[in-house]
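Asker: Every letter in the sequence shown is one number past the one before it in my numbering, and letter 74, counting from 1, is 74.
Just so you know, even glycine gets a beta-carbon here, dropped at the ideal spot from N, CA and C.
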Amino acid sequence: MEAPTNFYDGNLAIPLVEMTSFQKMQIVRGGVTKTYLTKLKDETSLDYDALAQALSVTRSTLINKKGDQKFSDHISERIIAVAEIYSFGYEVFEDKEKFNQWMFSPNQALSGAKPFSLMDNQFGREEVQNLIGRIAYGVYS
């Protein structure tokens, strides 16, 4: 079974941070399944309430899908974006628990906001991704 921060492409699990934009676009157009979301939920230790907040959808939208049923392209795009941030964070922090804790801790570089609280829109996700990138390059953040 592939890690949710990877996406299964045929026989190869590809880390999302290593995928091209074109590959991610193809995944979004094909739709992300509930099975993938469940794996992401388990790996990130997020519950449906937190995922619903990050994806800007209702909890029932996430829960009502079953198995291989697919989400719309809009929701699929957000799922991939969140998974990509977690994939990048896990790579940079080299410790899932430390990264998961960091996501819910107030951060001075974000004016005291918790990184996860910014995940509900594209601009917030970009800010979190940029901050992780600064950490990766040793820039004080």
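In angstroms, rounded to a whole number, what distance separates the CA positions of Gly67 and Val92?
Answerer: Taking the straight line joining both Cα atoms gives about 31 Å.
Asker: Where Phe22 and Ser111 are concerned, what is the direct C-alpha to C-alpha distance, given to the nearest angstrom?
Answerer: Cα to Cα, the separation comes out at about 34 Å.
Asker: Kindly provide the ranges of any alpha helix (DSSP H) runs that are 4 or more residues long and lie completely inside the region 68-109, ordered along the chain.
Answerer: The region 68-109 contains these whole alpha helix (DSSP H) runs: 73-93, 96-103.
Asker: Is the region 103-119 touching the region 57-65 in the sense that three or more CB pairs, one from each, lie closer than 8 Å?
Answerer: Short answer: they don't touch.
Asker: Select from Asp95, Ile85, Thr33 the residue whose C-alpha is nearest the C-alpha of Asp120.
Answerer: Of the listed residues, the one whose Cα sits closest to Asp120 is Ile85.
Asker: What are the residues that DSSP puts in a beta bridge with Pro115?
Answerer: Answer is none; Pro115 lacks a bridge partner.
Asker: If Val82 sits next to Ala54, beta carbons under 8 Å apart, how far is it from one beta carbon to the other, in whole angstroms?
Answerer: Sure, about 5 Å apart at Cβ, within 8 Å.
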